[in-house]
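Let me begin by presenting the structure, written as structure tokens, before commenting on it.
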Amino acid sequence: MGALMGGGVGLTIGFIFGSWSIIRGGAGPRGVLATLSQYMLSSAATFSFFLAIGSVIRSDSLIPPHLQAAQMQLMSAATNVHSRAEGMQLMKARWEAERRRLASSKEQFT
106 MGALMGGGVG LTIGFIFGSW SIIRGGAGPR GVLATLSQYM LSSAATFSFF
156 LAIGSVIRSD SLIPPHLQAA QMQLMSAATN VHSRAEGMQL MKARWEAERR
206 RLASSKEQFT
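The opening residue of the sequence shown carries number 106 in the working numbering; numbering runs sequentially from there.
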């Protein structure tokens with residue numbers, strides 16, 4: 106994907122700079138089309154090469170990032186399964202901690 110994006114960007118930049126160079130200094134002995142295509146292709150190859158390397162560096166994992174994120178969500182959900190009684194105890198403990206925190210914050214401001 107990085108190579109495709111780099112190729113598109115490189116062709117565009119090559120067209121812009123190649124056209125500017127031809128307008129400023131003339132096409133030269135090879136003609137307008139050959140000079141412009143050389144600018145465009147060399148620029149596309151350069152951008153494509155570096156963006157391809159960047160995309161490989163960013164996605165060096167064995168599975169794609171969106172599947173890796175889904176896998177992590179499923180694994181974390183599976184490890185947090187509790188019975189109803191455990192869930193109720195956990196909820197009551199959190200409520201009690203919240204009550205204590207609110208009571209202590211009220212005492213600080215009064």
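Glycine residues also receive a C-beta, built at the ideal position from the N, C-alpha and C atoms.
- With a cut-off of 8 angstroms on Cβ pairs, the region 124-139 is not in contact with the region 157-165, counting fewer than three such pairs.
- Fewer than three pairs of CB atoms, one per stretch, sit closer than 8 angstroms, so the region 142-156 makes no contact with the region 169-181.
- Residue 152 sits buried, since 16 or more C-beta atoms from the chains shown fall within 10 Å of its C-beta.
- In the structure shown, residue 170 adopts helical secondary structure according to DSSP, grouped into three states.
- Of the residues assessed, residue 156 falls on the buried side of the cut-off, its CB having 16 or more other CB atoms within 10 angstroms.
- Each residue's CA atom was taken as its position, placing residue 147 and residue 115 some 8 angstroms apart.
- In the DSSP assignment, residue 205 falls within the alpha helix (DSSP H) that extends over 189-214.
- Straight-line measurement puts the Cα of residue 119 at about 10 angstroms from the Cα of residue 112.
- Here residue 174 is exposed, its C-beta having fewer than 16 other C-beta atoms within 10 Å.
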